[in-house]
Ligand code: F6R
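In the numbering used here, the protein residues as written are 2 to 643.
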């Protein structure tokens, strides 16, 4: 939590509050919005809210709806202005912001339609300028925006003001950045379907609001939050221009705060309590920062980088270097399931039992390959009983073209006699073709089933590349996913009971899972929270005492050497095999957004990510491997360490 007077904050040019969860932030902000509405209405005024779309505000809108339903909060005297809209999408298009706002908020509260304002994405090009001017005039006529809610894109955009937008820009048509379009590719089932243009309020329009709150969740935002808050404001990072606003706050969760100096390298900005984890972080950071192997650091290096007190407390450098070198060395193992018959005092996994029951959870098919394909292959090769539990079917991420060609294949294959199968394949095909003309159509159950089957086939092909028996895969198809759409997922009791049943059946010694630090609306984060609830429920069961939970992360966000409790090296051949396995996920090629590279395919992103991690271990002076996959041990707050 934030101490606003702290020295750490001096580096921060925007008031930034870090909270443990997005839900908590949204409860606090919704309450503030309710108070603002009451205050404005009590004085006889309308309350004017500037609203955002995207994953970020979904929880805020849920909480506002709750306040309306349960606590009588009325929006009758509220006027809203949305930040932006894609150009060229009809209101009914599943990804139009008009539809989003109505589904997520407007349809559930008593806000009169006449008081809703959204940029018109369908306005003809020749009329766009006037339409934008009228939008600005409407904001002025309403008395200006009292409170503007913002999200932030990975380019640092606010609204759709991409890098290069000027600080005095106003509502206008803009071209979307390549990274923004890649980030949206999933929602639109392919980058090619993402509109190239949008209408957005300008930075000047946003800055004219009386108060601004920017929200950000999840590890993907950490890299842009830190410079927006700490660097000199510049037009190449639009969110940093908010520093000039007198009433702006960033409300973020811990994952989005990870790159702030006070979180990442706190010893540089305040005196710290030198816990073992922090010492490892600081010494490793120093070595990587100075590009000097751990064993070559000397006292001056420590003293010159905010660690003089560490030297006094736990030094000299020689001792610290050796300690951290050994600690890091002990995390590296080629035996992710434990090495049978070996002394395991300094190994990340215990030797007993020699053959473990392991569950690898994949929120969507391919996550397990991307995050831990090399480790998965080793676990199987080393004789552990591995179950790969695919939590969602992943059917939402299958492009229509893939399903159409699958339907064609079925039609060609079954021949005239199998009338029922033909009819099904035809229905799916026709529906998908109709979707081309009417994008508002959502996939029906049959279509989703076909798409899910495609992903199952790919998952099985990938497992085969790694030599994992087909029977190891369980496709759980959690109901929250089958019912839902992106951003609208809500897990429930049924999801929980599926996971509880699996855990109780297998009674694993090891669980591998990802998603802990992702955007809470993402499939991975929803899956993680269901699993965390399930694990909390089994805590009293005897097998649980002998179960370890390992967190893996996806390419581009791998654990750093100082965060990792287990690092599993890969040879060039093993890395190649992993890439081949990822390659089997044919429907997903080019779909996963990379950090910045325009055309990096998923398998090559995974390769470079694992290679980069190995390079860091090498730079620390440890052995030089081709590639490494890293894992952190998850110890739930209340859970006693086994
Ligand atoms: C949405 C908007 C954008 C989003 C940003 C983050 O109206 O203006 O700036 O806030 O792209 O998107 P999410 O929340 O989906 O990560």
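Even for Gly, the Cβ is constructed at its ideal location relative to N, Cα and C. Predicted model, so just to flag it, every value in this text is computed and none were measured.
- Look at the segment 393 to 417 and you find no whole run of beta strand (DSSP E) that is 3 residues long or longer.
- DSSP, read as helix, strand or coil, puts residue 358 in strand.
- No residue range can be given for residue 308, since it is assigned to no beta strand (DSSP E) and is classified by DSSP as neither H nor E.
- Distance check between residue 612 and each of 309, 572, 589 and 584 places 572 closest, using alpha-carbon atoms only.
- Sorting 108, 15 and 580 by C-alpha distance to the C-alpha of residue 606 places 580 at the top.
- The Cβ neighbour count for residue 145, taken over all protein chains shown within 10 Å, is under 16; the residue is labelled exposed.
- DSSP places residue 465 inside the alpha helix (DSSP H), whose first and last residues are 446 to 466.
- A Cβ-Cβ distance of about 6 Å is found for the pair residue 390 and residue 477, placing them in contact under the 8 Å criterion.
- If you check the CB distance, residue 467 and residue 517 do not come in under 7 Å.
- Annotated as distal: residue 375 and residue 555, with beta-carbon spacing of 7 Å or more.
- For residue 507, the CB contacts under 7 Å within the same chain, skipping 5 residues up- and downstream, are 358, 360 and 388 in chain order.
- The secondary-structure analysis by DSSP pairs residue 198 across a beta bridge with 176.
- Judged by beta-carbon spacing, residue 136 lies beyond the 7 Å limit of residue 106, meaning their Cβ atoms are not closer than that value.
- DSSP places residue 15 in the coil class of the three-state scheme, outside both helix and strand.
- Under a 10 Å Cβ-count criterion, residue 541 is classified as exposed, with fewer than 16 other Cβ atoms of the shown protein chains found around its own Cβ.
- Separation of residue 384 and residue 621 (C-alpha to C-alpha, rounded to the nearest whole angstrom) is 32 Å.
- In this structure, the C-beta of residue 302 stays at least 6 Å away from each heavy atom of the ligand F6R.
- Counting only the Cα atoms, residue 510 lies some 9 Å from residue 550.
- Contact check for residue 589 and residue 398: beta-carbon distance about 7 Å, within the 8 Å limit, so the pair qualifies.
- DSSP places residue 20 within a strand segment (E or B) once states are collapsed to three.
- Counting the other CB atoms within 10 Å of its CB gives residue 319 a total below 16, which places it among the exposed residues.
- The Cβ neighbour count for residue 140, taken over all protein chains shown within 10 Å, is at least 16; the residue is labelled buried.
- Judged by DSSP in its simplified three-state form, residue 335 adopts coil rather than helix or strand.
- Taking 8 Å as the upper bound for CB-CB distance, residue 214 and residue 150 are in contact here, some 6 Å apart.
- By the CB criterion at 7 Å, residue 77 and residue 111 fall inside the cutoff.
- Taking residue 115 as the centre and dropping the five residues before and after it, the same chain places no C-beta closer than 6 Å to its C-beta.
- Relative to the ligand F6R, the beta carbon of residue 85 is positioned inside 6 Å of a heavy atom.
- With a beta-carbon spacing of about 4 Å, residue 482 and residue 393 fall inside the 8 Å limit used to define contacts.
- As for any beta strand (DSSP E) of minimum length 3 sitting wholly inside the segment 17 to 97, the runs are 48 to 52, 79 to 83 and 85 to 87, ordered along the chain.
- Residue 87 and residue 198 have their C-alpha atoms some 6 Å from each other.
- Note on residue 162: 16 or more other CB atoms within 10 angstroms of its CB, so buried under the neighbour-count rule.
- At least one heavy atom of the ligand F6R lies less than 6 Å from the C-beta of residue 53.
- The C-beta distance from residue 335 to residue 569 rounds to 7 Å, short enough to meet the 8 Å contact threshold.
- Sequence-distant Cβ neighbours of residue 279 in its own chain, meaning closer than 7 Å and more than five residues away, are 273.
- In the structure shown, the three-state DSSP call for residue 509 is coil.
- The C-alpha of residue 341 is placed about 53 Å away from the C-alpha of residue 241.
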